[in-house]
Amino acid sequence: MTELLVKNACVIDPIRGINGDIMDIAIRDGRIVESVSDRAEVIDAHRCLTLPGGIDSHTHVCGTKVNFGRYMSPEDMRAGRTQRRGKMHVTSGYYVPTTFGNSYRYSAMGYTTLLEGAMAPLEARHTHEEFTATPHQDMLANTLFDGNWAVMDAVREKNIKKAAAIVGWTLNAVKGYAIKLTNPGGTEAWGWGEDVTSIHEMVPHFDVTPAEIITTMIQANELLKLPHSVHLHCNNLGKPGNYQTTLDTFDLVPDVNPNRQTLYATHVQFHAYGGGTWRNICSKAEEITRSVNSKPQIVMDMGQIMFCRTMTMTADGPMEFNLHCLHHNKWSNHDVELETGSGIIPVTYSKKSAVNCIMWAIGLELALLTKSPWQCLLETDNPNGAPFVKYPEVIGLLMSKRYRDEECATLHADTEGRTSLCALEREMDWHDIAVMTRAGQAKALGIINQGKGHLGIGAEADIAIYPIRTDSVDPAREYRKVVEGFQKTRFTIKRGRVVSRDGEIIVDGANATFWVNAKVPEDLRMENDPEFIKRFEQFYTVRMSNYPVQDVYLPRGRCIETEAFT
Amino acid sequence: MIVSDVVCPFCGCLCDDLELEVEGDRVVRVQNGCSLAEATFMNDTRLPTPIRRTKTGWEDISYDEAIKETADILKEADRPLLYGWSSTHGEAQSVGVHIAELIGAVIDNTSTVCHGPSILAIQEVGHPGCTLGQVKNRADVIIYWGCNPIEAHPRHMSRYTTFATGFFVPEAQRERTVIVVDTRRNDTTNIADEFLQVEPGGDYAVLSALRAIVRGKESVIPKKVAGIAKEQLIRVAGICKNAKFGAIFFGLGLTMSRGKYKNVRNAIELTDELNRHTKFVISPMRGHGNVYGSNEVFTWMTGYPFAVDFARGIAFYNPGETTAVDILRRGECDAALIVASDPGANFPRLAAAHLAKIPTVIIDPHVNATTALSRIHIPCTAAGIDAAGTAYRMDGVPIRLKKVIERGYPDDAELLKKIYDRLNGGGWDHD
Amino acid sequence: MKCILNTGRTVPQGIAVEHKGSDTYRAVASACFLNPVDMMILGIENGARVGITSPTGHVVLSARSAEGVTRGEIFVTIGPYANHIISSETHGTGMPDFKSQSVDVEPTEEPIRSVGELMEEIGGLRYDRQ
Amino acid sequence: MRVILESKVRSKPNLPIEAEAIIPRNFLKGTDLVVFEGNKERTLSELFWIFVEGTAVSPENIEVVLKGDTSRIKRVGEYMDTGNIVIEGDIGMHCGNFMSGGTIEILGNADSWLGREMRGGTILCRGNAGHYCATGYRGEKKGMQGGKVEVFGNAGDFCAEYLAGGEVHIHGSTGDFPGVEMRGGQLTIEGDATRPCANMKEGSCVILGTVHDMIPTFEKIDKRVLPEWKITADVYKGDVANRGKGTLMIKNPGAV
């Protein structure tokens, strides 16, 4: 039995409605309890800001695509090198760090749970191998279904149950957590070098539209009773004028789940562009947030960009090629048979570029114009918009109008006319930030019941104690203190153990991987469907028996079972 | 006993549809596999026990003794080299990287003498590729450039390309055009619809010419480029541009001939150019069963796919400087640990000779040329035969190798963990 | 005769690759494929021995006629025989000239050595208990 | 001030030494510097006999002289910004990496990656230079960006790869692919070269000797008198395969 007592913590725990109370937190064997014995180890938080461990609900840190980003970037690897030290392994890389680099840096910032944004089912084993080597965060994997042939066949046949059964079988086979749709239909079209340009355009050879894929998958998701909603990267990412596609997509979404959103729309900054060309691109954040403010069934995340050199990586192959034709730097692409695609290119976001400045402003506008912080979560689509180590700066910008004004003064002159950021007075408070960086994520991902995102009795003792005194820091004026404070916790506690102190990792990690087993009725299971098996063996290049990820790849797997179809 | 859907660990195709008949600790029949697979499973003669070189011959030693001496050798070294890794599973590769980091070693894998140049090229221009099923189901134009799949990857054409039935190419042989580029005629060139016989060392010029033609600049091109007539180049460029889905596979003919990675880069840039007209992908024909896995494991752990130098505590990478052949050629390293490979046979003479001058330990199931250059040889399981583990196919698809028999050997990952423990003075703690 | 040495993988080499001490492997790895015209000029028949010399070393191989090999080129499967004469220079890339080593080819009466003998020539010691 | 470093005899003379600490500025505060020999940290005095003559108040007045067997010493002059380094014999790899000012003179030969990612200053190599002379790092978009590298002997393969600015002058010949991927700057080769300027985007290159294996995707546009060399050269634009706008001037085009 191990016990830990955190004393004098200034706790903000939005899920439990606690906002800045000074209290003690008792921990036994990794969970939060009423009280501990006097033998417990004691940490004095000295009234510092204490939050549930940070949760990133959309990041790219593990798997084929991320590793390819590393593989092709020795120039980045030398940008962030640290030596082996104590319990810490060597790390390399700044925008695509090694797995240990990701894990240590997230931990130093108080993050204890991560959702990998895109896992191709065929390559799931790779993602899980890297999860094991990202030891300080619990991991969940978004599983890609955007170009899944079997799913598209079911959509065409308007067979929702079958679509659900395919998803259920796949999630179970690859130990995935949620349904991810990346440019639905577009990744299949990219198999021919084409794309789909609206949600009502037919996918070549499959006679389905993105809209049909999205609505069917939303229904299948609820039929399977998955903890998370459909997680969508909308069509037409990064194209001027794409906001209309985004609005059309939002209009498809019913409000069907009382516990959470029905659709999670990711990195919406990249989907909120007006205009028709790169010359007249402008912000449509107002239109997007007007829609979201009237639709509680939608939660989005920012997709904030920051000015730096980074790497874009997404399953959206056609988008990456278009971007490559603009940048003329290196381009990688990796299409996955019968399932999805992916593309990777390095980019530099510069204040000299009007487009980049407008993108930067749109992300912030989305957050500031969304009334409820539970509906617009903070992330950069790491590393697409910026590496996650930039989160503290994003927090600073959201909390301080002065910081925003100072930055705006250094931007390209066109920014002001084509965005409304400068006019926005809103300054977020500590509670808003706590929602946008952990509580909102826990609710959106459906992991509150797993003891994530709050500090109630029975919760997993994932806690971040920041060197910030909320009673003495004025974030609007002293935003630099805010940024610094969120960069490095005093203590990051993971499942009751102090893993990071002042940015130094002090123990070996022992993370868990959450996955979902939706129990589909016997007669609907794909492993009993001869037609599914036949097509699998014919068109995949691995045998169906070699496809599922074996248990050995999840040394600390945590299965969430649902009673589907009931 | 019959075991089905077995994965062959020999080459980068990692065919996973083999059926094996097993009797006791022996495989007695292999179905669906090529002749290389058959030899891999059926002619599997092992070194029975660890051996150590004496002044005049060889003596048997215990595993404990062998492990202790290996750890002592590595501990003493000022510039140890850990080399090989491509014929074992990812689990062993990962322990190898941990050892290298712990002792400040250089760690390199066999891509250094096969597709290392392809990696250098990818680091300059990226890699438009795909999984092999994309090619199987869609490709109507297949190009084999500087590779000979019939000899090196015997089932590549029947499983993934020329002869494979695909969803959008139900009559594969009729519907696919096959182009082969090589310096000499061989069995692969004989099945080509177009054979471009390029002069040795002329690949780069041919690729540049094709790029220019695809861009509409054919007027610049001379009548003949590296032995190939301009008319044929124009014809081939036309076939590529008119393809619905084209796939280039390339081999050591590009990576080993003069210019090395620049040849590969040029092929990738041709692929890039063709994507402005249609869909085109390119893929290296990776050799050893899990050589791509060694690149993957090295990359997520160190940031670099091969040739990683931990001498200064951080990871440093610079092929040409930190690559195994160069470290040996310059006589830099003062100890070597070879795992699952045979540099004695595969490295140029001068590089191999240095292994005999320093204390070298090899961990490998089989006696090979490197055995003769070593001080100690420790036998172990062979991944995919008597050990399970992860391997990455040439296209990045991770596949679990199966354990089909038990022969009583220790897994190399376990041997390496014991060596790590001795060096670290503590328990293995990285799972 | 001046030639360019080309190397590559072959099925027989792959089959015997884990039996480097065997006669099969010796036969496979020490075969040197030449264009028939070049063989005529050298005045040798199939199976004759040829001495191959490069700035790095000298090795004896068994000549085999092959139509597919162009004149001025010789092909030897990857392995210790070819490597005995390939330079370890990598041009700063890590990769030796496995496909473009300049060599001199001439008929010889010298014997073809075993893999073990080649290793002993560079400081090794054969292990041939099986 | 002159700092003379004379290499001591080492028990393992082939072990590389990484000595980016050897730049003039660092000797302002004394000679108590750290270098790496293989995977071991060493003080400068473990590896060198150190002699200091005179004093200096600013680094530009410091000259560092290396004597003895220095062929395995890497990174001498890395990030050097001022002062002088003289190497009496051969020098190891990465001499003058990221250099931004000052002068390095090598009386012997330089190993590979001489002046990698250089920004300014001057490197004079009286002997031959190895491969990747005046180039960049793997995966990086730009190689050398400024300053001057002058080699009085020959240079190896991939000389001035990714050259983006500054001047590279080889008095002798180069190996394969000089000026490959050039983005800018000026490359001059007085001797012969094989496959020059392949895939170049911009910049200019003059070759006075014989060119072997000219890349087929260069467009001959002109003849031009080069008064400084007293020759008439063929002028090519390219690399056409790469939408390049570079200039390649050749006195003796060999067989294509």
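Chains as they are written, first to last, in our numbering: chain Z, 2 to 567; chain H, 98 to 528; chain B, 372 to 501; chain E, 1209 to 1464.
Beta carbons are placed, not taken as given, at the ideal position from N, Cα and C, and that holds for glycine.
Separation of residue j from residue i, as counted between CA atoms
| i | j | result |
| --- | --- | --- |
| Phe-407(H) | Val-293(Z) | 51 Å |
| Arg-380(B) | Lys-233(H) | 24 Å |
| His-250(H) | Ile-455(H) | 35 Å |
| Asp-114(H) | Cys-105(H) | 8 Å |
| Val-1464(E) | His-1420(E) | Bear in mind that the predicted position of Val-1464(E) carries a pLDDT of just 45, short of 50, making it too unreliable to give a figure here. |
| Thr-65(Z) | Met-73(Z) | 12 Å |
| His-1339(E) | Gly-1380(E) | 14 Å |
| Tyr-401(H) | Arg-310(Z) | 19 Å |
| Val-1265(E) | Asp-1289(E) | 16 Å |
| Glu-511(H) | Lys-444(Z) | 42 Å |
| Pro-383(B) | Met-1352(E) | 48 Å |
| Val-474(B) | Thr-395(B) | 25 Å |
| His-272(Z) | Ile-363(Z) | 10 Å |
| Arg-409(H) | Ser-1219(E) | 20 Å |
Paired residues, beta bridge with residue i - DSSP
| i | result |
| --- | --- |
| Pro-495(H) | Tyr-489(H) |
| Glu-221(H) | Glu-221(H) is not bridged to any residue. |
| Trp-516(Z) | Cys-560(Z) |
| Met-314(Z) | Ile-345(Z) |
| Val-322(H) | Ile-325(H) |
| Asp-45(Z) | Lys-8(Z) |
| Trp-1257(E) | Glu-1214(E) |
Test item: CB-CB of residue i and residue j under 8 Å
| i | j | result |
| --- | --- | --- |
| Trp-150(Z) | Lys-341(H) | no |
| Thr-1(Z) | Thr-198(Z) | Chain Z is shown from 2 up to 567; residue 1(Z) falls before or after that span and cannot be answered. |
| Asp-433(Z) | Ser-58(Z) | no |
| Gly-111(Z) | Gly-31(Z) | no |
| Val-1357(E) | Val-1376(E) | yes |
| Val-550(Z) | Val-175(Z) | yes |
| Phe-531(H) | Ile-325(H) | Absent from the model: residue 531(H). The displayed extent of chain H is 98 to 528, so no value can be given. |
| Gly-1480(E) | Glu-1268(E) | As shown, chain E starts at 1209 and ends at 1464. That puts residue 1480(E) outside it, with no answer to give. |
| Ile-240(H) | Ala-306(H) | no |
| Ile-473(H) | Val-458(H) | yes |
| Val-7(Z) | Asp-22(Z) | no |
| Val-1176(E) | Val-1260(E) | The requested residue 1176(E) does not occur in the structure, where chain E is confined to residues 1209 to 1464. |
Under 9 Å from the C-beta of residue i: neighbouring residues of chain H
| i | result |
| --- | --- |
| Val-382(B) | Cys-131, Ser-132, Leu-133, Ile-247, Glu-248, Ala-249 and Pro-251 |
| Thr-1239(E) | Near Thr-1239(E) there are no residues of chain H at all, since even the closest Cβ is about 21 Å away, more than 9 Å. |
Cβ-Cβ separation, residue j to residue i (assumed contact under 8 Å), whole Å
| i | j | result |
| --- | --- | --- |
| Gly-230(H) | Phe-540(Z) | 7 Å |
| Ser-333(Z) | Pro-297(H) | That pair is no contact at about 30 Å. |
| Thr-263(Z) | Asp-256(Z) | 6 Å |
Closer than 7 Å at the beta carbon, the chain B residues around residue i
| i | result |
| --- | --- |
| Met-353(H) | Met-466, Phe-469 and Lys-470 |
Residue i: contacting residues in chain Z (beta-carbon distance under 7 Å)
| i | result |
| --- | --- |
| Gly-1373(E) | Within 7 Å Cβ-Cβ: nothing; Gly-1373(E) doesn't reach chain Z, min ~18 Å. |
Residue i: contacting residues in chain Z (beta-carbon distance under 9 Å)
| i | result |
| --- | --- |
| Arg-182(H) | First, the residue type needs correcting, since residue 182(H) is Trp and not Arg in the sequence shown. Near Trp-182(H) there are no residues of chain Z at all, since even the closest Cβ is about 15 Å away, more than 9 Å. |
Partners in chain E for residue i, counting only beta-carbon separations shorter than 8 Å
| i | result |
| --- | --- |
| His-462(B) | His-1339, Gly-1364, Asp-1365, Phe-1366, Gly-1383 and Asp-1384 |
| Asp-175(H) | Lys-1220, Leu-1223, Glu-1245, Gly-1246, Asn-1247 and Lys-1248 |
| Gly-522(H) | Ordered by position in chain E, no residue passes the 8 Å Cβ test against Gly-522(H), which lies about 18 Å from the chain. |
Chain E contact residues for residue i, given Cβ-Cβ distances below 9 Å
| i | result |
| --- | --- |
| Pro-75(Z) | Tyr-1345, Arg-1346, Gly-1347 and Glu-1348 |
| Asn-9(Z) | Per Cβ cutoff of 9 Å: no residues; Asn-9(Z) is ~43 Å from chain E at best. |
| Asp-431(H) | Lys-1220, Asn-1222, Leu-1223 and Gly-1246 |
Amino acids of chain B, ordered along the chain, whose beta-carbon sits closer than 9 Å to that of residue i
| i | result |
| --- | --- |
| Ser-1279(E) | Within 9 Å Cβ-Cβ: nothing; Ser-1279(E) doesn't reach chain B, min ~16 Å. |
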